[in-house]
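Encoded as structure tokens, the structure appears first; notes follow it.
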Amino acid sequence: YDKESKERFSLSKEIDRLVKMSEQVSQEANNLTTALKGNTKMQGNWGELLLESILENSGLTKGQEFVTQEFIRDAAGHVIKDDEGRGLQPDVMVYYPDKRKIIIDSKVSLIAWERFVSEELADDDREKALQQHIQSIRNHIDGLSKKNYPKYAEALDYVLMFVPIEPAFLEALKKDRQLWKYAYDKNILLVSPTNLLAVLRIIADLWKVEQRSKNAIEIAEK
């Protein structure tokens with residue numbers, strides 16, 4: 091009886107510990123969800139983190155073929171500022187072998203999208219949330235276009251606007267057939283995780299070709 095009582099007490103403590111761990115995990119998940127829904131800055135940080143993860147898995151090397159959160163500077167090393175006096179600091183600059191750059195900016199807003207995917211909303215409310223989601227993307231396009239990164243960064247004419255949530259990206263394009271052209275006319279290409287990875291792998295292959303060419307020249311010279 092004494093042994094059985096001790097085992098029961100030990101089991102009870104273990105269950106209590108598991109319950110507390112479960113509550114903690116649930117609370118942390120809830121905190122993350124709340125933060126991503128209601129905190130625009132937190133949403134942006136999450137999108138940038140996902141973008142950097144895709145970059146690292148594309149075969150490109152940070153600090154060599156791409157940099158993150160660096161200011162665009164002029165020949166004298168001074169930070170270039172936009173019309174509102176803020177320093178131009180794109181999320182990512184990816185370098186081509188010829189030293190030209192491609193600018194990638196992560197734009198994410200989960201508020202309207204989260205409402206759209208909520209099962210509690212009626213059809214009319216879901217439609218309204220989807221329209222708000224599309225308008226949010228259009229607003230990001232307008233804001234990114236005003237920064238005019240290619241003018242100052244010796245970059246390609248088009249800036250890549252990264253939408254990190256694949257379903258949100260596809261649903262917006264399906265609903266608004268003019269959205270992609272709207273962005274394109276403002277020199278912005280909309281990309282999701284899938285097609286961004288394809289673009290980055292192509293750039294990584296260009297660097298491999300460049301390196302092989304350099305090796306071949308060095309061998310020929312020797």
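Position 44, counted from 1, in the sequence shown is what this note's numbering calls 134; the numbers after and before it change by one each time, with no gaps.
Where a beta carbon is used, it is the ideal one built from N, C-alpha and C, also for glycine.
Excluding its 5 nearest sequence neighbours in each direction, residue 185 has C-beta neighbours in its own chain below 7 Å: 155, 156 and 191, listed in chain order. Burial check for residue 145: the Cβ neighbour count within 10 Å reaches 16 or more, so the residue is buried. Residue burial annotation: residue 161 is exposed, with fewer than 16 other C-beta atoms found within 10 angstroms of its C-beta.
Remark: C-beta atoms of residue 265 and residue 172 do not approach each other more closely than 8 Å.
For residue 293, there is no enclosing beta strand (DSSP E); the enclosing alpha helix (DSSP H) covers residues 283–311. The three-state reading of DSSP puts residue 275 in coil, since its state is none of H, G, I, E or B.
The alpha helix (DSSP H) runs lying completely inside the segment 211–259 and spanning 4 residues or more are 213–237 and 239–243, given in chain order. Residue 184 is bridged by DSSP to 156 and 192.
Nearest neighbour of residue 231 by Cα position, chosen from 207, 216, 196 and 103, turns out to be 196.
Residue 188 is positioned such that its CB atom lies no closer than 8 Å to that of residue 159. Taking residue 262 as the centre and dropping the five residues before and after it, the same chain places the C-beta of 223, 224, 227 and 269 closer than 7 Å to its C-beta, in chain order.
Rounded to whole angstroms, the separation of the alpha carbons of residue 151 and residue 303 is 19 Å.
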